[in-house]
Amino acid sequence: MTISTQQRWSAMKAATQYLQSHSTKDLLERVGQRVPDVACCDSTDKQFLPSSYGGGRPNDGGDFLAGHGLFYLTEEGRLFLDCTSGHYQMLWGYNPPALCEAIHEAQQAGIVWDNHSNIPQWPVKQLAQRLETYANIAAGEDRLDKILIGVCTGSSACAAALKMQLSYYEHRRDGEGPPVFIVLEGNYHGTDMFAQRLRGMWRDYVTNIVVATVEPNDIEELHAIFERYGPRVAAFWAEPVMMNREAILVQPEYLRVARECCDSVGAAMCIDEIQTGFWQPRIFSSAEFDFTPDMIVVGKGMTAGFHPLSGLLFKSRYDLLEQYDALNTNGGAALASYVALRSLDLVEAQADRIAPLGERVMNGFRKLAEKHADLLVEARGHGYLAGLKFKRDKDALAFHQRALENGIWIRAHAYHAGHSAILTKLGMPADETIIDFLVERFDALLAQSR
Ligand SMILES: Cc1ncc(COP(=O)(O)O)c(C=O)c1O
Numbered sequence: 073m074t075i076s077t078q079q080r081w082s083a084m085k086a087a088t089q090y091l092q093s094h095s096t097k098d099l100l101e102r103v104g105q106r107v108p109d110v111a112c113c114d115s116t117d118k119q120f121l122p123s124s125y126g127g128g129r130p131n132d133g134g135d136f137l138a139g140h141g142l143f144y145l146t147e148e149g150r151l152f153l154d155c156t157s158g159h160y161q162m163l164w165g166y167n168p169p170a171l172c173e174a175i176h177e178a179q180q181a182g183i184v185w186d187n188h189s190n191i192p193q194w195p196v197k198q199l200a201q202r203l204e205t206y207a208n209i210a211a212g213e214d215r216l217d218k219i220l221i222g223v224c225t226g227s228s229a230c231a232a233a234l235k236m237q238l239s240y241y242e243h244r245r246d247g248e249g250p251p252v253f254i255v256l257e258g259n260y261h262g263t264d265m266f267a268q269r270l271r272g273m274w275r276d277y278v279t280n281i282v283v284a285t286v287e288p289n290d291i292e293e294l295h296a297i298f299e300r301y302g303p304r305v306a307a308f309w310a311e312p313v314m315m316n317r318e319a320i321l322v323q324p325e326y327l328r329v330a331r332e333c334c335d336s337v338g339a340a341m342c343i344d345e346i347q348t349g350f351w352q353p354r355i356f357s358s359a360e361f362d363f364t365p366d367m368i369v370v371g372k373g374m375t376a377g378f379h380p381l382s383g384l385l386f387k388s389r390y391d392l393l394e395q396y397d398a399l400n401t402n403g404g405a406a407l408a409s410y411v412a413l414r415s416l417d418l419v420e421a422q423a424d425r426i427a428p429l430g431e432r433v434m435n436g437f438r439k440l441a442e443k444h445a446d447l448l449v450e451a452r453g454h455g456y457l458a459g460l461k462f463k464r465d466k467d468a469l470a471f472h473q474r475a476l477e478n479g480i481w482i483r484a485h486a487y488h489a490g491h492s493a494i495l496t497k498l499g500m501p502a503d504e505t506i507i508d509f510l511v512e513r514f515d516a517l518l519a520q521s522r
């Protein structure tokens, strides 16, 4: 059936109206159900999308119709609780009123979306200033004092960091041989070729570098690899919570040792906070864990899922690239930067509730791991970035499938050898009611797994 734009528009409005007019309690009671009269049986198929983006598959009604807060309705009118904040980026859920209003006001005041030029409007400069403060909470004199912000996703910012690390390596020239990048097994730093090389792709094409991969949290191995390569180490990369490897928490102690190792050989310590950043009261994990890296990569949560904006915070000594060589041609997304500023205000205003609620998620998951010890190995992660590690991949996949059937949108990592986890990253609107609902639902689904 082909439906008109008008029909699609009406369906979206009806869905939004439905979500806005029901309380959290009402919505939680109906999660997983079809909402009568809210559907848009859209025939638009996805054949022109690449196959890795669902292209070529028939439209089964499961695509997104409209969202509000942590809930969304699919095109076939099924209600979901989104436990992953979109794909880990909608800090305040779907269309949070405070940020939507801020956008409206900002446009009226003359803030532009993106002039993509190097005459930045006030919000871009203001955001740089605010980020500098958060990044240096634990810093001494050697501060992260440069910030590159651009209209792009996290992958570009990771690529910019890698280019700067190479430039600095060439500049200091005290290592003999190709530069070494120490990375964690299971790393993910985006889709640029260089970053993909860090996770084993393009070996024959991205050459003349050494990628040394270590197991997260193995301090002995870390010392050994730094000792082996010495000043040839250009950089050490880590994500504090490996949301791309079963929510492994990279221990603060391990990161502090990595800090010392980097200092001992002159390597850049680069922390990818694209996942962890903004999801905590002190904004960055490095501040929470009390160390200061040489570079911090940010993205995703910074604009809470509005216009993509990413950035790189770094120390002046890495400021070696020319204009047009670093992130994107110019950048200058004032409105996105403004959204980021208002979102930071919200994080600051709610700082006191963020840590206890994050802990509530983790405690709930820990109790599940204890209670269902026959199925689960352990709870993983930190705060809102949480996971449950299953003993067997097929149980993790079956659990994931059952959660989706029950309207609980979560992710599974069980497609690579040895991976058998499910992951959640609730948005900040998640309160005690939502967290407890999630833990109870998981408990019931785990009980059904036998
Ligand atoms: C840790 C990490 N780094 C980099 C990226 C790449 O960011 P983007 O998809 O916004 O380009 C992601 C995306 O999921 C990520 O999780």
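Numbering-wise (this note's numbering), the sequence shown opens with residue 73 and increments by one. Each residue gets a CB set at the ideal place from its N, CA and C atoms; glycine is no exception. On a predicted model such as this, the values are computed, not experimentally measured, just so you know.
Segment limits, beta strand (DSSP E) that includes residue i
i       : result
Thr-496 : 493 to 497
Ala-232 : Where Ala-232 is concerned, there is no enclosing beta strand (DSSP E), although the alpha helix (DSSP H) it sits in stretches over 226 to 244.
Met-367 : 367 to 370
Leu-153 : 151 to 154
Cys-342 : 340 to 344
Phe-253 : 252 to 256
Thr-88  : Note, Thr-88: premise wrong, no beta strand (DSSP E); alpha helix (DSSP H) at 77 to 93.
Close Cβ partners of residue i (< 8 Å) along its chain, the five nearest in sequence each way excluded
i       : result
Arg-275 : Arg-269
Lys-97  : Thr-505
His-243 : Leu-392
Met-374 : Gly-349, Phe-350, Leu-381, Ser-382, Gly-383, Ala-412, Ser-415
Neighbour-count burial assignment, residue i, 16 or more Cβ in a 10 Å radius
i       : result
Thr-348 : buried
Trp-81  : exposed
Glu-213 : exposed
Asp-417 : exposed
Gln-161 : buried
Glu-360 : buried
Gly-479 : buried
Glu-345 : buried
Ser-93  : exposed
Ala-181 : exposed
Asp-362 : exposed
Ala-408 : buried
Trp-194 : exposed
Met-273 : exposed
Gly-158 : buried
Cβ-heavy atom distance, residue i to ligand 1, below 6 Å
i       : result
Gln-352 : no
7 Å Cβ shell around residue i - same chain, five flanking residues per side excluded
i       : result
Ser-227 : Gly-262, Thr-263, Asp-264, Ala-267
Val-252 : Val-282, Ala-284, Tyr-301, Arg-304, Val-305, Ala-306
Pro-501 : Gly-141, Leu-142, Trp-164, Gly-165
Arg-129 : Lys-118
Ala-178 : Leu-407, Tyr-410
Cut-off 6 Å between Cβ atoms - residues of its own chain near residue i, not counting five sequence neighbours on either side
i       : result
Leu-498 : Cys-155, Tyr-456
Ala-427 : Pro-353
Pro-192 : Gly-404
Cys-342 : Ala-233, Ala-307, Trp-309, Met-367
Pro-380 : Thr-225
Lys-118 : Gly-126, Gly-127
Ala-87  : Val-110, Leu-137, Ala-138, Leu-145
Ala-423 : Pro-353
Val-419 : none
Cys-523 : With the chain running from 73 to 522 in the structure shown, residue 523 is simply not present.
Asp-186 : Val-223, Ala-405
Leu-91  : His-140, Phe-143
CB contact check: residue i to chain B, cutoff 7 Å
i       : result
Tyr-456 : Absent from the structure is chain B; it holds one protein chain and no more.
Option nearest residue i by Cα separation, candidates the options
i       : options                            : result
Val-337 : Cys-230, Tyr-241, Ala-408          : Tyr-241
Leu-440 : Ala-519, Ser-123, Thr-225, Ser-357 : Ala-519
Ser-76  : Val-103, Thr-116, Ser-93           : Thr-116
Tyr-206 : Leu-476, Phe-386, Trp-481, Leu-460 : Phe-386
Lys-85  : Gly-149, Arg-522, Ile-368          : Gly-149
Glu-475 : His-454, Asp-397, Glu-512, Leu-137 : Correcting the residue identity first, residue 475 is Ala in this sequence and not Glu. Of the listed residues, the one whose Cα sits closest to Ala-475 is Glu-512.
Gln-79  : Tyr-390, Leu-137, Gln-105          : Leu-137
Tyr-487 : Leu-495, Leu-469, Met-500          : Leu-469
Glu-101 : Leu-510, Asp-246, Leu-447, Arg-245 : Leu-510
Phe-298 : Ala-339, Glu-325, Val-313          : Ala-339
Asn-435 : Leu-448, Ala-445, Arg-452          : Arg-452
Phe-462 : Leu-151, Leu-495, Arg-432          : Leu-495
Leu-256 : Leu-327, Asn-400, Ala-398, His-472 : Leu-327
Terminal residues of the alpha helix (DSSP H) in which residue i lies
i       : result
Val-449 : First-last for Val-449: 448 to 454, but that is the beta strand (DSSP E), not the alpha helix (DSSP H).
Arg-269 : 265 to 270
Ser-358 : 357 to 361
Val-38  : Because the chain spans 73 through 522 in this model, residue 38 falls outside it and cannot be assessed.
Checklist line | Any heavy atom of ligand 2 within less than 5 Å of residue CB: hits in chain order | finding: Absent from the structure shown: ligand 2. Ligands present: ligand 1.
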